[in-house]
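**Q**
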Amino acid sequence: MKAFLVGCLLCAAIAVLAFIIAPYMEWPSAHIFANDATRL
Amino acid sequence: MLASLLFFSFQHLPVLAADKPQAAEALNNPSFADVWHDIKKGTPGRVSIPDKKAAVLIQTEGESWRQFRTKQLPFYGLMGMGGILGLLFLFYLIRGKIRIAAGPSYETIERFTFLERAMHWLLASSFIILALTGLNLLYGRRFLMPLIGEDFFASLTLFGKLVHNFVGISFMIALTWVFCRWVLHNFPSRGDLKWLRWGGGIVGGEHVPAKKFNAGQKIVFWLVIIGGLSISLSGLALMMPFELSLFKNTFAALNVVGFNLPTDLTLMQETKMASQWHGVIALVLVVVVIAHIYIGTIGMEGAFQAMGSGEVDLNWAREHHSLWVKEIEQSGRIREDLL
Numbered sequence: 001m002k003a004f005l006v007g008c009l010l011c012a013a014i015a016v017l018a019f020i021i022a023p024y025m026e027w028p029s030a031h032i033f034a035n036d037a038t039r040l
Numbered sequence: 041m042l043a044s045l046l047f048f049s050f051q052h053l054p055v056l057a058a059d060k061p062q063a064a065e066a067l068n069n070p071s072f073a074d075v076w077h078d079i080k081k082g083t084p085g086r087v088s089i090p091d092k093k094a095a096v097l098i099q100t101e102g103e104s105w106r107q108f109r110t111k112q113l114p115f116y117g118l119m120g121m122g123g124i125l126g127l128l129f130l131f132y133l134i135r136g137k138i139r140i141a142a143g144p145s146y147e148t149i150e151r152f153t154f155l156e157r158a159m160h161w162l163l164a165s166s167f168i169i170l171a172l173t174g175l176n177l178l179y180g181r182r183f184l185m186p187l188i189g190e191d192f193f194a195s196l197t198l199f200g201k202l203v204h205n206f207v208g209i210s211f212m213i214a215l216t217w218v219f220c221r222w223v224l225h226n227f228p229s230r231g232d233l234k235w236l237r238w239g240g241g242i243v244g245g246e247h248v249p250a251k252k253f254n255a256g257q258k259i260v261f262w263l264v265i266i267g268g269l270s271i272s273l274s275g276l277a278l279m280m281p282f283e284l285s286l287f288k289n290t291f292a293a294l295n296v297v298g299f300n301l302p303t304d305l306t307l308m309q310e311t312k313m314a315s316q317w318h319g320v321i322a323l324v325l326v327v328v329v330i331a332h333i334y335i336g337t338i339g340m341e342g343a344f345q346a347m348g349s350g351e352v353d354l355n356w357a358r359e360h361h362s363l364w365v366k367e368i369e370q371s372g373r374i375r376e377d378l379l
């Protein structure tokens, strides 16, 4: 079941990485807030 | 929205402030009635601010969206999930666990490499997290909140939504990899029709020859790939609401081949449709994956090893994927003592 663990760890690692870089890309939630601010 | 309200209000302020007979006369004024008729229909007015959505004072379509989101979608979702669980339970009662007819040979051959299995589990784990956090958004308020309390449910759902957004990226990466790796094995082949006609061996009780993937697995593959692509795109549209016009472009493409779908969609309509479509496809995928999990675990002896250890029993392989075993034998990628 090593492959299962690697798959789960990869899933978590990609999600955390996406979470870390998201503010720099204004995406996704940061993007929404930025848009709301400019639109209003 | 405030700007539009002020525009409409100030325009008719003298009328509203007038005495009763004048007001009654004004209400009968066709232009005044027309304005409110249009507002109540959800007809957009004119705004000069960047947010063009504000031109619509009353979101009449919002009510139909709410009805769909709170009534039809959860109802049909429960029917689908309950239906497939019921069918599988019945199937298990009638057919039982599908055993290896010749019994296990205790000799194994490699079915999936370590990388293939890891990527399958990446797709599976991300899908399960997305499904649980997504189902919580749809059903949590009804079923979970009464059990765990409002405060904990609110925190859990907020965290779940955050997780849902970012695990979506893991799912998209896994989906892309899985598509690239297995697409060549999943194109239709001549034996597929026979496999389908015999229900994969259920009808007649004899195993039907199949390559690496049988017709049933190919159907699951394409449902996951097409459904996964669709749910990823609609998910991105929900992450960036009022930005993408996916339906407008999709409908325009479909109209080329004879459909007559609306292409003058507002960004509000686009986001509502993305939300509805995301929910529908999610529930379809949950139903498909429940069946996939069943047949890969308790439904069939020897199937789980394919994604567990990667090694499957030779007799299992000969019974369920005889053409694939022949290909391996001919290519010389099988030990001689197993031939």
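Residue numbers (the numbering used here), protein chains in the order written: chain Z, 1 to 40; chain D, 41 to 379. Think of the CB as a built atom: it goes at the ideal place given N, C-alpha and C, for glycine as much as any other residue.
1) Any contact between the region 357-365 of chain D and the region 251-258 of chain D? By contact I mean 3 or more CB pairs, one from each, below 8 Å.
2) For Z/Met-1, which residues in chain D fall below 7 Å Cβ to Cβ?
3) Between D/Leu-325 and D/Ile-271, how many whole angstroms is the CB-CB distance? I'm expecting something under 8 Å.
4) Is D/Met-121 close to chain Z, meaning its C-beta is less than 8 Å from at least one C-beta of that chain?
5) Which one of D/Thr-153, D/Lys-111, D/Ser-88, D/Pro-114 has the shortest CA to CA distance from D/Gly-348?
6) Is the beta carbon of D/Phe-291 sitting closer than 8 Å to the one on D/Pro-302?
7) Closer than 8 Å, CB to CB, is D/Phe-50 near chain Z or not?
8) Just how far apart, CA to CA, sit Z/Ala-30 and Z/Cys-11?
9) Which residues in chain Z have a C-beta closer than 8 Å to the C-beta of D/Ala-164? List them in chain order.
10) I want to see whether chain Z comes within less than 8 Å of D/Ile-213, judged by CB atoms only; does it?
11) Would you kindly work out how many angstroms separate the C-alpha atoms of D/Trp-262 and D/Gly-85, rounded to a whole number?
12) Would the region 304-311 of chain D and the region 145-165 of chain D be scored as touching if the rule is three or more Cβ pairs under 8 Å?
13) Rounding to the nearest angstrom, what Cα-Cα distance links D/Ala-214 and D/Val-264 in this structure?
14) Taking D/Leu-133 as the reference, which of D/Gly-240, D/Ser-371, D/Ile-338, D/Gly-122 has the closest Cα?
15) Does D/Met-159 come within less than 8 Å of chain Z when only Cβ atoms are used?
16) Given that D/Ile-209 touches chain B, what residues does it touch there, using C-beta distances under 7 Å?
17) Which ranges would you report for the alpha helix (DSSP H) in the region 111-164 of chain D if only whole runs of at least 4 residues count?
18) Which residues of chain Z have a Cβ atom closer than 9 Å to the Cβ of D/Phe-154, listed in chain order?
19) Assign D/His-318 to buried or exposed, taking buried as 16 or more other Cβ atoms, counted over all protein chains shown, within 10 Å of its Cβ.
20) Count the other C-beta atoms from every protein chain shown that fall within 10 angstroms of the C-beta of D/Ala-194, then say buried if there are 16 or more, exposed otherwise.
21) Compute the distance between the beta-carbons of D/Val-218 and D/Leu-163, then report whether it is under 8 Å.
22) Tell me whether the region 112-124 of chain D and the region 171-184 of chain D touch, counting them as touching only if at least three CB pairs, one residue from each stretch, are closer than 8 Å.
**A** Inspection of the coordinates gives the following:
1) The count of Cβ pairs closer than 8 Å, one atom from the region 357-365 of chain D and one from the region 251-258 of chain D, reaches three, so the stretches are in contact.
2) Gly-348
3) 7 Å
4) Cβ-Cβ to chain Z under 8 Å: no for D/Met-121.
5) D/Thr-153
6) yes
7) For D/Phe-50, the pLDDT reaches just 39, beneath the cut-off of 50, and the residue's location in the model is therefore unreliable, although a value from the coordinates is still provided. No, its Cβ sits nowhere closer than 8 Å to a Cβ of chain Z.
8) Here the model assigns Z/Ala-30 a pLDDT of 46, short of 50, so the residue's position is not dependable, and the following value carries that caveat. Rounded to the nearest angstrom, the two C-alpha atoms are 22 Å apart.
9) The contacting residues are Gly-7.
10) yes
11) 44 Å
12) no
13) 11 Å
14) D/Ile-338
15) yes
16) Protein chains in the displayed structure are Z and D, and chain B is not among them.
17) 113-135
18) Lys-2, Ala-3, Val-6
19) Buried.
20) exposed
21) yes
22) Yes, they touch.
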